[in-house]
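*Asks:* I'd like to ask you about the structure that follows.
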Amino acid sequence: MLLAIALVYGMTACSVIPTGGKSVVAVDNEGKGSPLGDPYARVIAMAPKADWSPEEVVTGFRAAMASLDDSGFQVARKYLTGDFAAKWNPHSGVTVYRQGDYEKFAPLREEDKQAQVTLKGTKTAIIDQDGRYRPSGGPLNQPFTLAKGPGGEWRISAAPDGLLLSEADVARGYLPVDLYFLDSQWKGLVVDQVRVPIDPGANFAKTTVERLLRGPSSSLKDAVRTAFTDTELIDVTIENNRVVVDLTRRVDPDLIDPMSAQLAATLAALTKGGWGFEVTVNGEPYYPDAPLQIDAQEQSNFDPWTTPDSVYPFYLADGALRLLDKENVGRPVPGRAGQKGVELTHPAISGQPVQQVAALSGDGRSISVAPLGAGGEWRVWATGVSLAPPAWDRYHTLWTVDRPNDHTSVITRHDGDNKHRYRVSAPDLETFHIESLKVARDGVHVAVVVRDGLGEQVQVGTVIGDREGTRIANLQTVVDTDGNRTIKDIAWKDGKTLYALTGKSELLEASVTAATRSLPFDSRIESIAALDGALLAGARDEQGDRQVLFWNATKWEPLVKNETGTTDFTENGPSSPAFPLG
């Protein structure tokens with residue numbers, strides 16, 4: 001084996017002891033480490049030997065690419081010829097693979113001056129230069145060309161730029177981090193999932209904050225803001241049971257609360273939510289007469305949607321909208337929406353303080369909106385040839401999609417009172433049939449179900465700009481049906497994960513930074529709704545009776561009770577569950 005692996009905690013030292021041949025073992029020294037860093041495995045890069053075969057040279061090069069201690073890849077370059085070492089760019093991205101093995105070729109002859117070693121396996125992901133992790137399947141067929149030097153040693157003379165790392169290398173050397181930035185109105189937090197190379201010379205918190213100050217990944221370019229402008233990080237330390245972030249300059253006074261929320265949200269996972277924070281400037285208190293201390297849950301105070309609490313679902317029954325109470329009994333909402341008699345479907349609920357419901361007409365040609373308050377009446381906000389179900393965002397904006405034909409979709413934003421409507425620019429979507437569109441609760445991430453001649457896909461993108469300057473960009477496919485299935489419904493869990501219900505009895509969890517996975521399904525499910533840890537489904541049994549189900553971590557169970565305290569309903573029973581901004 002051509003690498004050494006040792007567990008390291010925080011900045012604990014590690015001794016590497018050669019044992020002869022081409023292998024080493026590692027001994028972990030005792031040390032307390034940092035509570036801001038979990039143990040990680042350390043790969044020690046080894047220089048090549050003169051008598052190594054081409055396969056051993058490529059194996060050593062692969063191990064050297066995974067070394068955290070050789071951040072400049074000086075050892076890795078020793079595996080390359082002089083000319084290629086000057087050209088090779090290890091910083092152009094990472095290809096992640098599994099089950100690597102070498103393709104077998106005819107044995108080399110003594111007089112051979114060149115050789116080729118091809119690594120074969122399965123490509124599983126790409127990590128961009130800015131840390132964006134994107135699942136990417138397909139076969140791996142990676143060639144390495146080697147040349148024999150004057151002393152008979154083999155060195156790599158040609159190979160692709162970037163790093164080639166196994167899934168184990170990435171798990172060992174890259175920290176998955178949720179960075180938090182600000183929406184365009186500086187009111188909400190937006191998550192940006194990235195992978196950050198671990199720095200053996202710094203604790204995880206410092207590495208994470210340094211990455212936060214670099215700004216968002218390309219997936220959120222132009223869609224988010226940051227409070228950290230014109231300042232740099234000096235260090236992250238621990239003092240008096242607080243995580244202290246030392247900056248070079250103060251931020252604008254109006255941005256102190258947003259900055260505090262960004263820090264608390266970004267560091268919450270590393271500190272397990274139990275540590276408070278403090279910001280200093282050049283080692284001195286942030287204010288001349290007082291420190292800037294940040295509560296461990298400051299992100300929740302700034303943006304309640306980061307950790308929603310006491311949010312109850314809505315659903316339809318007998319054509320009326322109901323709100324589920326603490327006893328799981330539905331109560332009619334105030335206003336016309338809570339009364340029977342209007343044939344509307346696909347309810348979408350806006351956020352507070354002025355809550356409204358939007359719903360699609362039975363013929364799909366109009367969308368009506370009603371305030372959830374006494375005297376609230378239905379009003380038609382949108383009409384079209386074929387409308388997709390409505391959706392709200394956190395800015396009290398209603399999103400509608402009209403499909404005048406199978407190859408055209410027109411996306412429109414309606415402000416909170418429908419006095420102004422704005423056409424959304426979405427060049428990558430306008431020539432598709434959009435089945436549905438839903439904006440995440442952060443107001444920036446958007447999911448769409450699109451249909452073309454090859455089937456249906458779920459794509460995730462970002463909302464950039466507002467009013468007449470709104471556009472949807474950075475689209476990435478997260479669920480591809482390959483023409484074998486349809487997508488019946490989608491629902492955002494949070495700002496980074498959504499669920500997709502397919503027409504082939506599948507419930508999928510999808511993300512732009514993780515492979516899609518299947519969840520337990522119930523054949524009765526017709527629609528879904530989600531909020532953080534809560535997952536609901538509208539269902540219909542073999543007799544046609546309706547019910548709202550919830551996933552209790554082991555199975556699907558009926559949720560809604562009737563006035564007698566049972567979960568028995570008829571065909572006019574509860575359906576179409578919906579959370580606010582769902």
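Numbering (UniProt numbering), first residue to last: 1 to 582.
Beta carbons are placed, not taken as given, at the ideal position from N, Cα and C, and that holds for glycine.
What distance in whole Å lies between the Cβ atoms of V224 and V444, which are believed to be in contact at a cut-off of 8 angstroms?
*Replies:* Contact holds; Cβ gap of about 6 angstroms.
*Asks:* Closer than 9 angstroms, CB to CB, is T554 near chain C or not?
*Replies:* As a matter of chain content, chain C is missing from the structure shown, which is built from one protein chain.
*Asks:* Apart from the five residues on each side of it in sequence, which residues of its chain come closer than 7 angstroms, Cβ to Cβ, to P313?
*Replies:* Contacts found: L324, A529, L536, P577, A578 and F579.
*Asks:* Please state if the CB of R155 and the CB of L146 are separated by a distance shorter than 9 angstroms.
*Replies:* It is a contact, given that the beta carbons lie within the stated cut-off.
*Asks:* Provide the residue(s) that pair with K104 in DSSP beta bridges, ordered along the chain.
*Replies:* Partner(s): none; K104 has no beta bridge.
*Asks:* Following the continuous alpha helix (DSSP H) through E298, name the residue where it begins and the one where it ends.
*Replies:* Here the alpha helix (DSSP H) through E298 covers E298 to F302.
*Asks:* Measuring straight from C-alpha to C-alpha, what distance separates R546 and D442?
*Replies:* One C-alpha to the other measures close to 32 angstroms.
*Asks:* Please give the ranges of any alpha helix (DSSP H) in the UniProt domain "GerMN" (205 to 290), keeping only runs that are unbroken, at least 4 residues long and fully inside the region.
*Replies:* 256 to 271, all fully within the UniProt domain "GerMN" (205 to 290).
*Asks:* Among G201, K272, A158 and F61, whose alpha-carbon lies nearest the alpha-carbon of A86?
*Replies:* Among G201, K272, A158 and F61, the Cα nearest to that of A86 belongs to A158.
*Asks:* Pick out the complete alpha helix (DSSP H) segments inside the segment 44 to 112, 4 residues or longer, and give them in chain order.
*Replies:* Correct list: 54 to 65, 74 to 77 and 82 to 87.
*Asks:* Quick check on the DSSP output: the alpha helix (DSSP H) that includes A171 runs from which residue to which?
*Replies:* From DSSP, the alpha helix (DSSP H) with A171 extends over E167 to G173.
*Asks:* Taking the DSSP output, what are the residues bridged to D325?
*Replies:* None; D325 has no bridge partner.
*Asks:* In angstroms with no decimal places, state the Cα-to-Cα distance between H420 and R242.
*Replies:* Whole-angstrom Cα-Cα distance: 48 angstroms.
*Asks:* Can you look up R132 in the DSSP assignment and give me helix, strand or coil?
*Replies:* Correct three-state label for R132: coil.
*Asks:* Quick one: complete beta strand (DSSP E) runs, 3+ long, within the segment 422 to 469?
*Replies:* You should have 433 to 439, 445 to 452 and 455 to 464.
*Asks:* If you pair each beta-carbon of the segment 70 to 80 with each one of the segment 96 to 105, do three or more pairs fall below 8 angstroms?
*Replies:* Flag = no, the segment 70 to 80 and the segment 96 to 105 do not touch.
*Asks:* Tell me whether the segment 138 to 153 and the segment 112 to 127 touch, counting them as touching only if at least three CB pairs, one residue from each stretch, are closer than 8 angstroms.
*Replies:* Yes, the segment 138 to 153 is in contact with the segment 112 to 127.
*Asks:* Is DSSP giving R485 helix, strand or coil here?
*Replies:* In the structure shown, R485 sits in coil (DSSP, three-state: anything other than H, G, I, E or B).
*Asks:* Tell me where the beta strand (DSSP E) around H414 begins and ends.
*Replies:* Note, H414: beta strand (DSSP E), T408 to H414.
*Asks:* Can you tell me the Cα-Cα spacing of G495 and D309, whole angstroms?
*Replies:* Going from the Cα of G495 to the Cα of D309 covers about 16 angstroms.
*Asks:* According to DSSP, is G121 part of a helix, a strand, or is it coil?
*Replies:* Three-state DSSP puts G121 in a strand.
*Asks:* In or out: N203 buried (at least 16 other Cβ within 10 Å) or exposed?
*Replies:* Looking at its Cβ environment, which holds 16 or more other Cβ atoms inside 10 Å, N203 is buried.
*Asks:* Between D192 and the rest of its own chain, which residues show a CB-CB distance below 8 angstroms, the 5 nearest in sequence each way excluded?
*Replies:* Correct list, in chain order: D178, L179, Y180, F181, P216, S217, S219, L220 and V224.
*Asks:* Would you mind sorting R109 into buried or exposed? The rule is 16 or more other CB atoms within 10 Å of its CB.
*Replies:* By the 10 Å Cβ count, R109 comes out exposed.
*Asks:* Looking at the strands, I want to know which residues DSSP matches up with D192.
*Replies:* Its beta-bridge partners are L179.
*Asks:* Mind checking D246: buried by the 16 CB within 10 Å criterion, or exposed?
*Replies:* Classification for D246: buried.
*Asks:* For G152, which option in S53, T345, K438 and S67 has the closest C-alpha, if you only look at C-alpha atoms?
*Replies:* Here the closest residue by C-alpha is S53.
*Asks:* Can you tell me whether S23 is buried or exposed, with buried defined as 16 or more other CB within 10 angstroms of its CB?
*Replies:* Summary for S23: the model assigns pLDDT 36, below 50, so the residue's position carries little reliability, and this model does not support an answer.
*Asks:* Exposed or buried, E435, counting other C-beta atoms within 10 Å across all chains shown (16 or more means buried)?
*Replies:* Per the 10 Å Cβ criterion, buried.
*Asks:* Tell whether a beta-carbon distance below 9 angstroms holds between G384 and T400.
*Replies:* Yes.
*Asks:* For the beta strand (DSSP E) containing P389, list its first residue and its last residue.
*Replies:* Element bounds for P389: n/a, residue is neither H nor E.
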